[in-house]
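**Student:**
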Amino acid sequence: MSQSNLELVTQVYHAFGARDFSVIERLFDPDIEIKEAAQLPWGGTHVGHNGANTYFGTMLAHIDANVVPQSIFAAGDDVVMTGRGIGKTTGGEVAFDVPNIHVWHLRDGRVVGFDNYVDTPAMLAALNGAPHTN
Numbered sequence: 001m002s003q004s005n006l007e008l009v010t011q012v013y014h015a016f017g018a019r020d021f022s023v024i025e026r027l028f029d030p031d032i033e034i035k036e037a038a039q040l041p042w043g044g045t046h047v048g049h050n051g052a053n054t055y056f057g058t059m060l061a062h063i064d065a066n067v068v069p070q071s072i073f074a075a076g077d078d079v080v081m082t083g084r085g086i087g088k089t090t091g092g093e094v095a096f097d098v099p100n101i102h103v104w105h106l107r108d109g110r111v112v113g114f115d116n117y118v119d120t121p122a123m124l125a126a127l128n129g130a131p132h133t134n
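Sequential numbering from 1 applies to the sequence shown in UniProt numbering.
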């Protein structure tokens with residue numbers, strides 16, 4: 001279980017880095033539930049492939065970022081990643097480097113849930129024009 005779940009999540013990170021959302025959709029369960037702080041423009045709860053498309057589309061309309069995992073480990077059927085979100089606001093105006101914790105929920109070889117915990121005040125500051133590195 002753990003190794004295949006770790007490999008699956010690693011595939012999601014590679015696909016996101018390449019902006020290959022067809023791979024991400026294949027790895028996500030049709031009823032995926034994505035959660036992030038509602039204060040962010042892309043935040044809230046997003047359900048299903050359409051919700052995932054809205055989540056990623058809205059995020060990438062505001063920021064151009066990559067995830068830099070620092071540690072990734074299995075926790076039962078879940079996978080936890082601690083790392084950094086590094087990038088710039090859309091148009092390259094403001095740089096940011098903020099801590100992230102991702103909790104991936106997996107079942108039957110697919111991602112059924114994704115919880116993204118980011119330093120929300122720091123991300124909001126970057127979105128409002130204040131560079132932030134932490």
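Where a beta carbon is used, it is the ideal one built from N, C-alpha and C, also for glycine.
DSSP state of V68, grouped into three classes?
**Tutor:** In the sequence shown, counting from the first residue as 1, residue 68 sits at position 68. Correct three-state label for V68: strand.
**Student:** Closer than 6 angstroms by C-beta to G43: which residues in its own chain qualify, once you throw out the five before and the five after it? Chain order, please.
**Tutor:** In the sequence shown, counting from the first residue as 1, residue 43 sits at position 43. If we look at G43 and ignore the five residues flanking it on each side, its Cβ neighbours are E36, A37.
**Student:** Any idea which residues DSSP pairs W42 with across the strands?
**Tutor:** To locate residue 42, count along the sequence shown from 1; it is residue 42. As far as DSSP is concerned, W42 takes part in no beta bridge.
**Student:** Tell me which residues share the same chain as M1 and place their Cβ nearer than 8 angstroms to its Cβ, disregarding the 5 neighbours each side in the sequence.
**Tutor:** Within the sequence shown, numbered from 1, the residue matching residue 1 stands at position 1. Caution is warranted here: a pLDDT of 43 is assigned to M1, below 50, making its placement in the model unreliable, and the coordinate value is therefore given only provisionally. These residues qualify, in order along the chain: A74, D77.
**Student:** Check A125 in the structure and name its three-state DSSP category.
**Tutor:** Position 125 of the sequence shown, counted from the first residue, corresponds to residue 125. In this structure, A125 counts as helix in the three-state DSSP scheme.
**Student:** Report the option in A122, G51, L40, T45 whose CA atom is closest to the CA atom of I24.
**Tutor:** As a first step, residue 24 must be located in the sequence shown, where it is residue number 24. Out of A122, G51, L40, T45, G51 has the C-alpha closest to the C-alpha of I24.
**Student:** Mapping the DSSP letters down to three states, classify V112 as helix, strand or coil.
**Tutor:** Residue mapping note: residue 112 aligns to position 112 of the sequence shown, counting from 1. Correct three-state label for V112: strand.
**Student:** Throw me the rounded Cβ distance for the Y55 and H46 pair, which I believe falls under 8 angstroms.
**Tutor:** Locating residue 55 in the sequence shown gives position 55, counting from the first residue. Locating residue 46 in the sequence shown gives position 46, counting from the first residue. With 8 angstroms as the limit, Y55 and H46 qualify as a contact, their Cβ atoms being about 4 angstroms apart.
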